[in-house]
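A.B. asks: So the sequence shown is residues 1 to 323, counted in my numbering. Glycine is no exception: its CB is placed at the ideal position from the N, C-alpha and C atoms. Since this is a predicted model, take the numbers as computed values, not measurements.
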Amino acid sequence: MPKPKLAVYWAASCGGCDIAILDIEAKILDVADFFDLVLWPCAADFKYKDVEALPDKSITLTLFNGAIRSDENLHIARMLREKSVVMVAFGSCASDGCIPGLANLYSLDEIMDYSYKSAPSMESGTKTMPQPKTQVEEGELTIPTLWNTVRTLAQCVDVDYYIPGCPPQSDQIAAVIGAVIDILKNNKPLPPKGTVLGATEKSCCDECPRERNVKKIREFHRPYEIIPDPNICLLEQGIVCCGPATRGGCGAKCVTANMACRGCYGVPPGVRDQGAKMVSAIASVVDSTDPEEIEEIMKGIADPVGTFYRFTLADSFLRRTQK
Ligand code: SF4
Ligand code: SF4
Ligand code: SF4
Numbered sequence: 001m002p003k004p005k006l007a008v009y010w011a012a013s014c015g016g017c018d019i020a021i022l023d024i025e026a027k028i029l030d031v032a033d034f035f036d037l038v039l040w041p042c043a044a045d046f047k048y049k050d051v052e053a054l055p056d057k058s059i060t061l062t063l064f065n066g067a068i069r070s071d072e073n074l075h076i077a078r079m080l081r082e083k084s085v086v087m088v089a090f091g092s093c094a095s096d097g098c099i100p101g102l103a104n105l106y107s108l109d110e111i112m113d114y115s116y117k118s119a120p121s122m123e124s125g126t127k128t129m130p131q132p133k134t135q136v137e138e139g140e141l142t143i144p145t146l147w148n149t150v151r152t153l154a155q156c157v158d159v160d161y162y163i164p165g166c167p168p169q170s171d172q173i174a175a176v177i178g179a180v181i182d183i184l185k186n187n188k189p190l191p192p193k194g195t196v197l198g199a200t201e202k203s204c205c206d207e208c209p210r211e212r213n214v215k216k217i218r219e220f221h222r223p224y225e226i227i228p229d230p231n232i233c234l235l236e237q238g239i240v241c242c243g244p245a246t247r248g249g250c251g252a253k254c255v256t257a258n259m260a261c262r263g264c265y266g267v268p269p270g271v272r273d274q275g276a277k278m279v280s281a282i283a284s285v286v287d288s289t290d291p292e293e294i295e296e297i298m299k300g301i302a303d304p305v306g307t308f309y310r311f312t313l314a315d316s317f318l319r320r321t322q323k
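#1: Which same chain residues, not among the five before or five after Phe35, have their C-beta less than 8 angstroms away from its C-beta?
#2: Mind listing, in chain order, the residues whose beta carbon lies closer than 6 angstroms to a non-hydrogen atom of ligand 5?
#3: Between which residues of its own chain and Leu146 is the CB-CB distance below 7 angstroms, once the five residues before and five after are set aside?
#4: Return yes when the C-beta of Gly139 is under 7 angstroms from any heavy atom of ligand 1, and no when it is not.
#5: Quick check on the DSSP output: the beta strand (DSSP E) that includes Gln135 runs from which residue to which?
#6: Buried or exposed: where does Pro191 fall if 16 or more other Cβ atoms within 10 Å of its Cβ makes it buried?
#7: Out of Glu219, Lys117, Gln274, which has the shortest C-alpha to C-alpha gap to Ala350?
#8: What three-state label does DSSP hand Phe220 in the structure shown?
#9: Would you call Ile226 buried or exposed, if buried means 16 or more other Cβ atoms sit within 10 Å of its Cβ?
#10: Looking at C-alpha atoms only, which residue of Asp290, Trp40, Cys264 is the closest neighbour of Leu313?
#11: Could you check the C-alpha separation between Asp273 and Val267 for me, to the nearest Å?
#12: Between which two residues does the alpha helix (DSSP H) containing Asp71 stretch?
#13: Please go through the same chain and pick out, in chain order, the residues whose beta-carbon is closer than 7 angstroms to the beta-carbon of Ala20, but skip the five residues on each side of it.
#14: If you run the structure through DSSP and keep just helix, strand and coil, what is Ile68?
#15: Starting from Arg236 and walking both ways along the beta strand (DSSP E), at which residues does that stretch end?
#16: Taking only heavy atoms of ligand 1 into account, decide whether any of them is closer than 7 angstroms to the Cβ of Ser70.
#17: Check whether the Cβ atoms of Ala245 and Val285 sit closer than 8 angstroms, and answer yes or no.
#18: Can you tell me where the beta strand (DSSP E) with Glu140 in it begins and where it stops?
#19: Which of helix, strand or coil does DSSP assign to Ser115?
#20: What are the boundary residues of the alpha helix (DSSP H) that includes Val180?
#21: Is it the case that the CB of Gly263 approaches a heavy atom of ligand 3 more closely than 7 angstroms?
#22: Based on Cα-Cα distance, which residue from Leu74, Gln322, Gln131, Pro228 lies nearest to Thr142?
#23: Out of Cys242, Gly306, Asp290, which has the shortest C-alpha to C-alpha gap to Met278?
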């Protein structure tokens, strides 16, 4: 019997999701043993043309990390979709847009001008702007064309499953891969389409060991401004913690290390918009009914959009719909 084929791809990503897969340690040997790896640009030298030559639906599983923000990202996403039986949005960038999605707060022109003309690191540079096409003696050179709007994978192609996290936790990745191998080996049914894998059906707060006393707060603090009590809910101590608006699955990793949850596992079940849910959670702890006083208290939250929508802006109610 030929081995099932596996593809792992990165689009607009930082590479952290690929590292998280490698972090499953000895279990990576099971992956190599069970699957025939046909594409993993981060780990080995494969050629797109070899994947393009494969018959449609010949790749059993594609783990696709990274958001979609260039014509190249879209081309590979569409190609892998056609070639794959199961397409998984792997990690926060592919699922929700993640940090790359915050680029949607600006236009492409603003980003390019800042990056290549006015960023401090370019002070002594040539301010040369990248061009999608360049003619040289040997012919035309091309680089991918960046889009004005960052999109999630599911906004571009049909997605079967989601594995959340920035990056997904390696123990969860190992469990999902183990389950997939078991399903394929024993001909078991796949979970329903759209299932979120490697996570729980609850919120990060449900995994958090900190005590909640429904204490009201009158002031927000940046994490470096106070030394929080390690046993009490951070939100109730005035540190913005996105646990109430975040899906469980990481084991409240940051919170147990005395850092607030930033929301990387995306929305919990039943919640459509992470930022709106956080506004609701914040409203429940602010100790005032006076609009002016509330406004003053809220000024203590630096960068509300970047805090409440850090991982999900591209898939939120506030997502950009224009191209
Ligand atoms: S989800 Fe996080 S770790 Fe994965 S590619 Fe995106 S930014 Fe990197
Ligand atoms: S808000 Fe944060 S600190 Fe408080 S219970 Fe939820 S996850 Fe824990
Ligand atoms: S605590 Fe929050 S930010 Fe940290 S890993 Fe878990 S979901 Fe992500």
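C.D. replies: For this structure:
#1: Residue 35 sits at position 35 when you count from the first residue of the sequence shown. Correct list, in chain order: Lys3, Pro4, Lys5, Leu6, Thr60, Leu61.
#2: For ligand 5, the structure offers nothing, since it holds only ligand 1, ligand 2 and ligand 3.
#3: The sequence position of residue 146 within the sequence shown is 146, counting from 1. Within the same chain, Leu146 has close Cβ partners Arg69, Ser70, Leu108.
#4: Stepping through the sequence shown from its first residue, residue 139 is reached at position 139. No - ligand 1 has no heavy atom lying nearer than 7 angstroms to the Cβ of Gly139.
#5: Start at 1 with the first residue of the sequence shown, and residue 135 comes out as number 135. Start and end: 133 to 136.
#6: Here the question's residue 191 lines up with position 191 in the sequence shown. The residue in question, Pro191, is exposed, as its Cβ has fewer than 16 Cβ neighbours within 10 Å.
#7: Only positions 1 to 323 of the chain appear in this structure, which leaves residue 350 out of reach.
#8: One-based indexing of the sequence shown puts residue 220 at position 220. If DSSP states are grouped into helix, strand and coil, Phe220 belongs with coil.
#9: As a first step, residue 226 is located in the sequence shown; it is residue number 226 there, counting from the start. By the neighbour-count rule (16 or more Cβ atoms within 10 Å), Ile226 is not buried but exposed.
#10: The residue you call residue 313 lines up with position 313 of the sequence shown. Ranking the options by Cα distance to Leu313, first place goes to Cys264.
#11: The residue you call residue 273 lines up with position 273 of the sequence shown. The residue you call residue 267 lines up with position 267 of the sequence shown. The alpha-carbon atoms of Asp273 and Val267 are separated by roughly 7 angstroms.
#12: Position 71 of the sequence shown, counted from the first residue, corresponds to residue 71. Where Asp71 is concerned, the enclosing alpha helix (DSSP H) stretches over 71 to 83.
#13: Locating residue 20 in the sequence shown gives position 20, where the first residue counts as 1. Once the five neighbours on either side are set aside, the close Cβ partners of Ala20 are Pro167, Pro168, Ser170, Ile173.
#14: Reading the sequence shown from its first residue, position 68 is the one you call residue 68. In this structure, Ile68 counts as strand in the three-state DSSP scheme.
#15: Locating residue 236 in the sequence shown gives position 236, where the first residue counts as 1. Per the sequence shown, residue 236 should be read as Glu rather than Arg. Unbroken run through Glu236: none, as it is neither H nor E.
#16: Along the sequence shown, read from residue 1 onward, the residue named residue 70 stands at position 70. No.
#17: By one-based count along the sequence shown, residue 245 stands at place 245. By one-based count along the sequence shown, residue 285 stands at place 285. No.
#18: Walking along the sequence shown from the start, residue 140 turns up at place 140. Residues 139 to 142.
#19: Within the sequence shown, residue 115 is the residue found at index 115, counting from 1. Note: Ser115 maps to helix in three-state DSSP.
#20: To locate residue 180, count along the sequence shown from 1; it is residue 180. Start and end: 170 to 185.
#21: Here residue 263 corresponds to residue number 263 of the sequence shown, with the count starting at 1. Yes.
#22: Position 142 of the sequence shown holds residue 142. It is Gln131 whose Cα lies nearest to the Cα of Thr142.
#23: Within the sequence shown, numbered from 1, the residue matching residue 278 stands at position 278. Ranking the options by Cα distance to Met278, first place goes to Cys242.
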